[in-house]
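Number of protein chains: 2
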Amino acid sequence: MPKYPDFADRCASVTGSVFEKFRSKMQSQGDRMVGLHIGDSYAAPPYDLPLDKGFISDHPGFNRYCDTFGVRELREAIAEKLQKENRLSVDADEIMMTAGACNALNVSTQGLVNPGEDIMLLSPYWPFFRGMVHLAGGNPIEVPFYTRLYEEPDLDIVSYLEHHLTPSTVAVYVNTPNNPSGKVLNRSQLDQIGKFAKHHRLWLVSDEAYDGMTYDDHVHLTTASFPGMFDQTLSIFTFSKVYMFSGLRLGYVVARKPVLRNLNKMMVHQLYSPPTVAQQMMVEPVRTRAEWSGKFVTHFQELRDRFAERFRPQTQVPEGTYYFFFPIDKLLNGRGYWEVINDCLDAGVAVAPGQDFGRDYADWIRVCFTGEAPDRLDLAIERLNTVFPG
Amino acid sequence: MPKYPDFADRCASVTGSVFEKFRSKMQSQGDRMVGLHIGDSYAAPPYDLPLDKGFISDHPGFNRYCDTFGVRELREAIAEKLQKENRLSVDADEIMMTAGACNALNVSTQGLVNPGEDIMLLSPYWPFFRGMVHLAGGNPIEVPFYTRLYEEPDLDIVSYLEHHLTPSTVAVYVNTPNNPSGKVLNRSQLDQIGKFAKHHRLWLVSDEAYDGMTYDDHVHLTTASFPGMFDQTLSIFTFSKVYMFSGLRLGYVVARKPVLRNLNKMMVHQLYSPPTVAQQMMVEPVRTRAEWSGKFVTHFQELRDRFAERFRPQTQVPEGTYYFFFPIDKLLNGRGYWEVINDCLDAGVAVAPGQDFGRDYADWIRVCFTGEAPDRLDLAIERLNTVFPG
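Protein sequence lines correspond, in order, to chains A and B. Heads up: the first sequence begins at 1 in our numbering, then just goes up one per residue. Heads up: the second sequence begins at 391 in our numbering, then just goes up one per residue.
What follows is the structure, encoded as structure tokens:
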């Protein structure tokens, strides 16, 4: 079985970065292009970073391997934060640091899903999760959910999910606040998802990357804090969103110790651990989060309102996250979907195509309203208004 | 198929950190324990780190997602380094940044090996690699190699490897300088491995984590620089060893673009990319490597010589890396192997058990002579001399 130049079959089961396909077109526009296609925030972290020579003397082990579950001091600070802000009473040993939520979600699928088993993806969902399920050999079962809840907040969720349940389903992937729809699940909705998972003995993979990034009177709730739910829930958080430090690639998963022991086996083989130095840097920001996060969330809410007001087509206003996600089938004016995406690029705005967020969203687009500074956002809105004259 | 509380079967196919089993015993000894079990260096990086407020203003994107193949400036600096020091003429697009060599090796196995296929592991090998092969569904074929070359430098390598070749073998894992044996492969040896791989159309996964950490007149050679070898070789490097920054979890893989495109698909699903900020920090150290690395390699060579001189049992002196690796079957004095490992721990020295480095090394141990500062190394040698009276 000579192998070279062939690759393993799994390479064909996934695509790379969802934005790869636009790379050359975007590069050709240079600085003119306003990038609202990636979920990121334009500003630097609004808290102090220990970037000085004192950091080295204060952290003698900064350059060395750390405990593969994570730097203890950080996990202790996170445990306090979870108790105070998420009503989740855990200790440091029930937290494992990961290379972003991305890595936490990957080790979760690897740890839970056997080849041939199904995992229910409430959609629209974060694009890479689907690929992770494929790489674990599992089958994603897509269930249109968050967008539907905007229209039907009192949907009987248990019956609805049971309708989509297969005999091979072993887990449910839930994400609140939801990327890309901006939906923030309320207590009753999460309670029903929890009941469904418990009744059918399914693992609940709870992606809470946008923890804290909610607007108006919407509040993020952590499913694992609901009575009886911690045992079978993997709660996943990141430093990429409210901490505005996606470039640090740091996140964590919260679960019972036997779960973490298995996920740790997957992680040490993927990357050993996330960086020691990154973890040490984040101890203070976790402790002071309540002091600095509110101001930026308010700022993001203002940007959301600015987009909602100035963008001519009427769209669903997100309850959390930094995205607008809307169908453009009524805005095509005779053009094809990809023609319109290209029109956006030609006008100088990069947006994310909907198909990556789920089978049912092929005629939607996602726009990140914090991807570039406010003056550039204004420019992007003006340009989008020429593409979508409404 | 209710799943909770069961995990995916693959969890049982690998173990976690090889040092997990000693954790409680080691913790109970506190600071008394000299840790020579992990491959790491006691000193801080011997080059300037841009840890000051100016770093933020100089690197406006430091907190944001980067190109998933890596920060361009760093890859360009690495390309220059590879050309100058490794005689490997590549451009920045033939380099992909990863979360350490660990991550590079994992995406390589995922990208190359299908379930049921074999990969030849020249042994002794870095322990996690075996687990990576299992997680890809592959079968590791262990071939005792580096320790044998100490005794038989002129071994007919092509015939020897052909003797171990199975019909399902798709790749060879080679690691020079070798962890744990300290063997540095010479030109003729690498040339034969290359010929073997080419003749049988096998991918060559070339782990060069200890690039530059060689002693006496031994020189590290990069297989991909040999005529005709680049096409089917994946060359893997790290910032954990000569850069003395294991806690940064940064490394890279060098290969043809089609290879990198497939490995990138695996990586973005595992962690998206290594940290932006970590990559930006390493641009200058890569450029100045020639200025600062020699001094520390000389220091490490002195520590090697100190260990060789003071440790009473006679052992093979490593040609590179920071390990001594030797059999203790003749040093047991009636004790069992694990009893002796425990005696080491009781004496206050943590060492790495040989079984993790390959089936044929169950009665060997590995000692990292740079794991702690020189005075602590001396203490460890004294203690080991009581366990192994020679």
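A virtual CB, placed ideally from N, CA and C, is assigned to each residue, including glycine.
Cβ-Cβ distances below 8 Å link residue 375 (chain A) to nothing in the same chain once the five nearest sequence neighbours on each side are left out. Spanning the alpha carbons of residue 195 (chain A) and residue 203 (chain A) requires a straight line of approximately 12 Å. Our two residues, residue 318 (chain A) and residue 123 (chain A), have alpha carbons roughly 15 Å apart in a direct line.
Contacts with chain B at 8 Å (Cβ-Cβ) include residue 131 (chain A). At a cut-off of 4 residues, not a single continuous stretch assigned as alpha helix (DSSP H) sits fully inside the stretch 746-771 of chain B. Following the DSSP letters along the chain, one finds residue 175 (chain A) inside the beta strand (DSSP E) bounded by residues 169-175.
Rounded to whole angstroms, the gap between the alpha carbons of residue 252 (chain A) and residue 70 (chain A) is 9 Å.
Shown here for residue 292 (chain A): same chain residues with a beta carbon closer than 7 Å to its own, the five before and five after excluded, namely 46 and 47 in chain order. Non-local beta-carbon contacts of residue 496 (chain B) in its own chain, meaning distances under 6 Å to residues more than five positions away in sequence, involve 522 in chain order. Exclusion of the five residues before and after residue 558 (chain B) leaves 506, 507, 508 and 529 as the residues of its chain whose Cβ lies within less than 8 Å of its Cβ. Here residue 189 (chain A) is buried, its C-beta having at least 16 other C-beta atoms within 10 Å.
Excluding its 5 nearest sequence neighbours in each direction, residue 757 (chain B) has C-beta neighbours in its own chain below 6 Å: 426, 714 and 741, listed in chain order.
In the DSSP assignment, residue 294 (chain A) falls outside any beta strand (DSSP E) and lies within the alpha helix (DSSP H) extending over 283-310.
Relative to the Cα of residue 91 (chain A), the nearest Cα in the group A:348, A:83 and A:259 belongs to A:83. Under the Cβ criterion of 8 Å, residue 428 (chain B) is counted among the residues facing chain A. Between residue 690 (chain B) and residue 771 (chain B), the CB-CB gap reaches or exceeds 8 Å. Spanning the alpha carbons of residue 538 (chain B) and residue 475 (chain B) requires a straight line of approximately 28 Å. Checking the DSSP bridge columns, you'll see residue 203 (chain A) partnered with A:171.
Here residue 454 (chain B) is buried: its Cβ has 16 or more other Cβ atoms, across all protein chains shown, within 10 Å. Residue 596 (chain B) is not a Cβ neighbour of residue 547 (chain B), given a cutoff of 8 Å. Distance between residue 271 (chain A) and residue 726 (chain B), taken at the CA atoms: about 34 Å.
Distances from the CA of residue 687 (chain B) to each of B:575, B:607 and B:413 were compared; the closest alpha carbon is that of B:607. The beta carbons of residue 345 (chain A) and residue 26 (chain A) sit closer together than 8 Å. Look at the stretch 424-488 of chain B and you find these whole runs of beta strand (DSSP E), each 3 residues long or longer: 485-488.
In this chain, residue 536 (chain B) is not harboured by any beta strand (DSSP E); it is covered by the alpha helix (DSSP H) spanning 536-541. Taken atom to atom, the span from the alpha-carbon of residue 228 (chain A) to that of residue 552 (chain B) is near 58 Å. Under the 8 Å Cβ criterion, the stretch 569-578 of chain B counts as touching the stretch 598-616 of chain B, having at least three qualifying pairs.
Interface residue (Cβ-Cβ distance to chain A less than 8 Å): residue 419 (chain B) is not classified as such.
Across the set B:631, B:445, B:743 and B:699, the C-alpha of B:743 shows the shortest separation from the C-alpha of residue 717 (chain B). When DSSP reads this structure, residue 139 (chain A) sits in a beta bridge with A:118. For the stretch 656-670 of chain B, the residues whose beta carbon sits under 8 Å from a beta carbon of chain A are, in order, 656, 658, 659, 660, 661, 662, 663, 664, 665, 666, 667 and 668. Excluding its 5 nearest sequence neighbours in each direction, residue 677 (chain B) has C-beta neighbours in its own chain below 7 Å: 467, listed in chain order. The continuous stretches of beta strand (DSSP E) do not include residue 215 (chain A), and DSSP gives it neither H nor E. Taking the CA atoms as reference points, residue 621 (chain B) sits about 52 Å from residue 724 (chain B).
Cβ-Cβ separation between residue 3 (chain A) and residue 650 (chain B): approximately 17 Å, too far for a contact (criterion under 8 Å). Straight-line measurement puts the Cα of residue 245 (chain A) at about 19 Å from the Cα of residue 659 (chain B).
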